[in-house]
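J.: Chains as they are written, first to last, in the numbering used here: chain P, 2 to 165; chain A, 32 to 232; chain B, 5 to 723. Attaching a single structure in structure tokens format; questions to follow.
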């Protein structure tokens, strides 16, 4: 069947036999966007986290048929070197990653959190950021999340100043 | 007292009881329980309650704001909880993982409107009679009338999910409730038609 | 730049463990003293670099835009090695850190590592060789510049890869242009530590941006045109032997290219991963399973006294002193089977052509993997090229990666590149686990409350034995598994009588290297026991230890970290406001580390609020990354101490998914982790593993002060 959707701002249309194929494999193997990772395939580790309609979704447990007409954002679309997302900027400033494999999932989950809760407390971070990091970089992540909130606030303030 | 006198008195009390029972409204008001024992309703009642007390139902009617998982009813992994609106936390909510259908690759169950039952509908740890009374209590049951309650129990997609609960993370099919769907539906209808009577404790 | 060379100077490579073992064969009769000497050498962690360091031009490449590519024979798995190596190279090469790019050396690049990336040895083993190579390369470029610029070499200066002299300049790129022959000079003197720009500084990781912007750098990200997807059927049962398989249903499934039926495995190659997995599920395999193992079976096997004992440390006469019945304190401790659970599963992308094979994969053992694939394919070794990728977690899991063989076989059969990875369940059930352990510790105190004698019995499944990294001859020579007893020796050398006995048990499932090896379990047991002794002696735990450490360099370094952590943490034995502190210390491969934790209890849940860590890794090439390793290792050690446990149920290793295999999450991470780094050695030592040692006992010791419950079994659970 044919599925049409937008990914990282670009319209995309794919032909796929099994409409229940997880979005993760469409993103990685058909669209060749490798930033979203496979860790378990059982929605337990969060390495596959991306955004659908701006909401965090674990793509290993999301059938491609549900993506029809929706907007998907992956780590590649969150930001890049020329224009990093505040979360990515904070991750760089705090030197968070070690092996780095789980990090895109964490950054996507964090970006989704900051969309809803611009200035999360430690408790809100603990409740919402439940991905697994085996290198256990959580200590720096927590600092980076608070920093990202600050960077985002500054960014929003300056955007408001520009548009007002 | 002679046998026949006792018999007349017994019949008299029975009649009085029926009159008293019939004078209670059965479709409106707060408490729809009736203090009469009827074996036919009991069978339907127990079939219905066997279903509603199974893990497929009670797991999402927790008493501690934490959804349960599996037949062993362990707390949902990763600290998932009710959150503010029965949908989990702000950015990591039910629909981050649970979609409108079961997912056979991940073993994550799914159905439309997947969420926790509201706190007022907490069932975990209650007896079947307590659950039944709670269901009939319009302050607990989302202000549903008996007809609306029957519809919810027999037609709501999230409720019906229990009979097609999909496979778990190991690929093993989940246990549906102990009564087949049509039998359960018939039991619910019968129980309600016969006055939605909850037995005495 | 050409890779030919004219003259060559051979660097002396010191002997491997295998070499020492071979030497010891002739003196097998005197094996106890020999074993203890070997054990002492291994315990000090001095591991030489085992690869070709004869010529810089197989290590470095000068690009046209005047950058340097360093081919790293050590793989990057998060431990920050690439960045440290770049710092070391940049400082001697006289280039800026921005000019250096580090890539993984393939097995074809000439400087292949014959050992492995692991054991916290990458920076320590390359500390001298890599700087010498970089310095030699600098001199080669300088000498060639002198030729081209027609100036004496002594008149030239170099800055950021630009050679200057007498008003003229030449970039390294210009120097290297059109040169096909290089004279390799004698190794120049290395620069003074004080003059280093980068070594010792907290340079941001070189791979930071790739990892933050989602670049496709991991094994699982590798792609080739026309690539197909493979899946191999694996049994869930321990010890299952493959007999045969019914592939009829699988053959008919959508997307299937071929069902692979080999004598030792059956699998499928398909057009997509999902199609391969679906077809795999349709293959019916006949397995032969001898026995349905249970956790109780394993625990019975592991008990001290069941395995084969080897005395690996002995001073004085602990044996007789502790055979007396009076005033002997005896305790037992246990640790469970631990899974690696690294987030990137194992797998490989194999491209096998008629006369060569290229394998893209995450591995810690490039040489062993190459050799195993060459043997299976019946290719010459130099026809198989392993191209390492960034690892999504190593932790010792990838110190044996034979799964690449199956990908290679499948590729050879279908004539196209095949990508084949474990599912998460397979990753759990085919892990080479951290073995379970059982410890019995005995001690006797003197009248004045010091330790008169102490004995540590550690019984463990194998760690090193059975790994392809060790020659087969090592097991009978060494007797005791050097990985299992790592961290198990008594480190308080002023105690007059002590003894460590290692009991070797071989379990029915694979056990091997898990970050820090035996250090985690051994330190938990010893440091909990020493805490119990300190309490029995009514002494402050830190001072109790300080008083019993010997006066030599090793002892000095351990004392300094203990003093540092006590001062930084404000360590106290008292319970204040529902919080208590716990102390523990260990020495791993010459790096001492002491930790103090601050703990509270809430609804029987142990909460760690703050960890103070003092460590002396010698020279910290990148202090920020050393800190990062401490932070991560502390939380990983905490995860093992508080949560992680594998079971054996009806013949299967379980659980097989995150969640049921409980691990530390964000909410468990301490709010404060303070790392104090000391430097009491003149070279870089182990960093990645030592901080895993103290955390378990530190937590258990704090919990005891809070609750009066002495928890002697990991994962720690309050009654």
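All C-beta atoms in this analysis are idealised placements derived from N, C-alpha and C, irrespective of residue type, glycine included.
Evaluate residue 59/A with the Cβ neighbour count: other Cβ atoms within 10 Å of its Cβ, from every protein chain shown; 16 or more gives buried, anything less gives exposed.
T.: Its pLDDT being 44, under 50, residue 59/A is placed unreliably in this model, and the coordinates cannot settle the point.
J.: Note down, in chain order, every chain P residue with its Cβ under 9 Å from the Cβ of residue 211/B.
T.: Correct list: 98, 101.
J.: In the DSSP output, which residue or residues are listed as bridge partners for residue 290/B?
T.: In the DSSP output, where bridge partners are listed per residue, residue 290/B has 248/B.
J.: Can you pull the chain P residues whose beta carbon is under 7 Å from the beta carbon of residue 667/B, in chain order?
T.: Within 7 Å Cβ-Cβ: 133.
J.: Taking the C-alpha atoms as reference points, what is the distance between residue 229/A and residue 171/A?
T.: For residue 229/A and residue 171/A, the distance between alpha carbons rounds to 16 Å.
J.: According to DSSP, is residue 220/B helix, strand or coil?
T.: The answer is coil: DSSP assigns residue 220/B none of H, G, I, E or B.
J.: Could you give the first and the last residue of the continuous alpha helix (DSSP H) run that contains residue 407/B?
T.: Where residue 407/B is concerned, the enclosing alpha helix (DSSP H) stretches over 407-418.
J.: For chain P, find out if any of its Cβ atoms is closer than 9 Å to the Cβ of residue 599/B; answer yes or no.
T.: No, because no Cβ of chain P sits closer than 9 Å to the Cβ of residue 599/B.
J.: Quick one: what's got a C-beta closer than 6 Å to residue 595/B's C-beta in the same chain, skipping five residues either side?
T.: 621, 689, 690, 694.
J.: Within 10 angstroms of its Cβ, does residue 88/B collect 16 or more other Cβ (buried), or is it exposed?
T.: Burial call: buried.
J.: Grab me the residues of residue 148/B's own chain with a C-beta within less than 8 Å of its C-beta, minus the 5 sequence neighbours each way, in chain order.
T.: If we look at residue 148/B and ignore the five residues flanking it on each side, its Cβ neighbours are 179, 180, 183, 186.
J.: Bridge partners of residue 241/B, per DSSP?
T.: Beta-bridge pairing links residue 241/B to 656/B.
J.: Just the Cα atoms here: how many angstroms apart are residue 131/P and residue 327/B?
T.: If you take the alpha carbons of residue 131/P and residue 327/B, they lie about 51 Å apart.
J.: Quick one: does residue 34/P have its CB under 9 Å from some CB of chain B?
T.: Cβ-Cβ to chain B under 9 Å: yes for residue 34/P.
J.: For residue 635/B, does the three-state DSSP call read helix, strand or coil?
T.: In the structure shown, residue 635/B sits in a helix (DSSP, three-state: H, G or I).
J.: With a cut-off of 9 Å, does the C-beta of residue 130/A fall near any C-beta of chain B?
T.: It does not: the Cβ of residue 130/A has no partner Cβ on chain B nearer than 9 Å.
J.: Output yes or no for whether 9 Å exceeds the beta carbon distance between residue 438/B and residue 662/B.
T.: In this structure, residue 662/B does not lie closer than 9 Å to residue 438/B by Cβ.
J.: Chain D beta carbons: is any one of them nearer than 9 Å to that of residue 57/P?
T.: Judged by its chain identifiers, the structure shown contains no chain D, and its protein chains are P, A and B.
J.: Taking the alpha carbon of residue 30/P as the reference point, which residue from 258/B, 269/B, 227/B has its own alpha carbon closest?
T.: With distances taken between Cα atoms, residue 30/P lies closest to 227/B.
J.: Given a threshold of 16 other Cβ atoms within 10 Å of its Cβ, counted over all protein chains shown, does residue 34/B qualify as buried or as exposed?
T.: Bear in mind that a pLDDT of 31 at residue 34/B, under 50, signals an unreliable position, so the model cannot answer this.
J.: Using only the alpha-carbon positions, how far apart do residue 109/B and residue 712/B sit?
T.: Each residue's alpha carbon lies about 54 Å from the other.
J.: Between residue 285/B and chain A, is any beta-carbon pair separated by less than 9 Å?
T.: Cβ-Cβ to chain A under 9 Å: yes for residue 285/B.
J.: If we require 3 or more residues per run, which beta strand (DSSP E) segments fall completely within the stretch 329-378 of chain B?
T.: As far as the stretch 329-378 of chain B is concerned, its whole beta strand (DSSP E) runs of at least 3 residues are 332-339, 351-356, 361-365.
J.: So for residue 6/P, helix, strand or coil by DSSP?
T.: Strand at residue 6/P.
J.: Residue 55/B: which of 288/B, 221/B, 68/B, 370/B sits nearest, CA to CA?
T.: That would be 370/B, whose Cα lies nearest to the Cα of residue 55/B.
J.: Excluding five sequence neighbours on each side, which residues of the same chain lie with their C-beta closer than 6 Å to the C-beta of residue 133/B?
T.: If we look at residue 133/B and ignore the five residues flanking it on each side, its Cβ neighbours are 53, 57.
J.: Would you mind telling me which residues of chain A sit closer than 7 Å to residue 611/B, beta carbon to beta carbon, in chain order?
T.: Neighbours of residue 611/B on chain A: none; closest Cβ ~14 Å, over 7 Å.
J.: Using the rule of at least 16 other Cβ atoms within 10 Å of the residue's Cβ for burial, across every protein chain shown, is residue 190/B buried or exposed?
T.: Exposed, by the Cβ-count rule.
J.: Considering only DSSP beta bridges, list what residue 215/A is partnered with.
T.: The partner list for residue 215/A (beta bridge, DSSP) is empty, contrary to what the question assumes.
J.: Relative to the C-alpha of residue 107/A, which candidate in 81/P, 44/P, 11/P has its C-alpha closest?
T.: When only C-alpha atoms are compared, the closest one is 44/P.
J.: Quick one: residues in its chain with C-beta nearer than 6 Å to the C-beta of residue 502/B, no 5 flanking neighbours on either side, listed in chain order?
T.: So the list reads 319, 322, 458, 494, once near-sequence residues are dropped.
J.: Sorted by chain position, which residues of the same chain lie with C-beta nearer than 8 Å to residue 554/B's C-beta, five sequence neighbours on each side aside?
T.: Cβ neighbours of residue 554/B beyond the five flanking positions: 496, 497, 498.
J.: For the stretch 247-279 of chain B, which residues have a CB atom closer than 9 Å to at least one CB atom of chain P, in sequence order?
T.: Within the stretch 247-279 of chain B, the qualifying residues are 258, 259, 276, 277, 278, 279.
J.: Could you have a look at residue 160/P and say whether DSSP puts it in helix, strand or coil?
T.: Here residue 160/P sits in helix by DSSP.
J.: Which residues bound the beta strand (DSSP E) around residue 64/B?
T.: 64-66 is the extent of the beta strand (DSSP E) around residue 64/B.
J.: What separation, rounded to the nearest whole angstrom, lies between the Cα atoms of residue 19/P and residue 37/P?
T.: Cα to Cα, the separation comes out at about 21 Å.
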